[in-house]
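Student:
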Amino acid sequence: PRPFDAARDGLALGEGAGFVVVESLAAARERRANIFARVLSYAAATDIHHLTQPHPEGDAALTTMEKATRAAGLEPEQIDYINSHGTGTPLNDVAEARAISRWAGESVSKIKVSSTKSAIGHLLGGAGSVESVICLLTLRDQFLPASLNVREIDPVVEFDLVQEPRETTVNTVLTNSFGFGGANATLIFQKEVQP
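The following block contains the structure:
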């Protein structure tokens, strides 16, 4: 797939699964766990726009990103990286790009975004868990994964589309997961400083 490419023409399915252990900070420290990050916030919303198509302006995606950043006490410019849902389908990518632009406002050009589905395909039910693992590795390794196969960025994209792997300081990441029927979810992770 070619998420956010002007000539994208659909998704490619992949196979995979991932899991994370979520526990209280006290329990993790007591067992001396290697703590990758904290879950700062989560939000879910639905726009019930269409059975399979997102709202053209990304309304539910915007709602989840706004709710998640508000719950975390953050502003958009405090998000170091977004792992987009980015399927490579014409409608989804436009809706998500518009939602990110509306959410970020004037700081949109500074927001770093990529779609890991360009490398692994769409894992359907496994996508959210694997992409959460990728976000945790991004925080651990201080390294942004790239959106692959992009030849010409769609003009609707106003954010910084990461097209090559990039070393950078990453403390806070946001990941979007969207589903049929307008079901949308956003998670925000923050790097945990080891004691």
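-4 is the number of the first residue of the sequence shown in my numbering; add one for each residue after it.
Yeah, the Cβ is synthetic: ideal placement off N, Cα and C, and Gly gets one too.
For the segment 21 to 35 and the segment 76 to 96, state whether three or more C-beta atom pairs, one from each stretch, are separated by less than 8 Å.
Tutor: Output reads no: the segment 76 to 96 does not touch the segment 21 to 35.
Student: Can you grab the Cα-Cα spacing for the pair R135 / E72, in whole Å?
Tutor: The alpha-carbon atoms of R135 and E72 are separated by roughly 20 Å.
Student: Throw me the rounded Cβ distance for the A67 and I183 pair, which I believe falls under 8 Å.
Tutor: 5 Å
Student: Taking the CB atoms as reference points, tell me whether V89 and T133 lie closer together than 7 Å.
Tutor: no
Student: Given this structure, state the Cα-to-Cα distance separating T59 from N179, to the nearest angstrom.
Tutor: 7 Å
Student: Go through its chain and collect everything with a Cβ distance to G116's Cβ below 6 Å, but skip five positions before and after it.
Tutor: The beta carbon of G116 lies closer than 6 Å to those of A7, L8, G9 in the same chain, with the five residues before and after it left out.
Student: Anyone know if the C-beta pair for N166 and T181 falls short of 7 Å?
Tutor: Between N166 and T181, the C-beta spacing is not below 7 Å.
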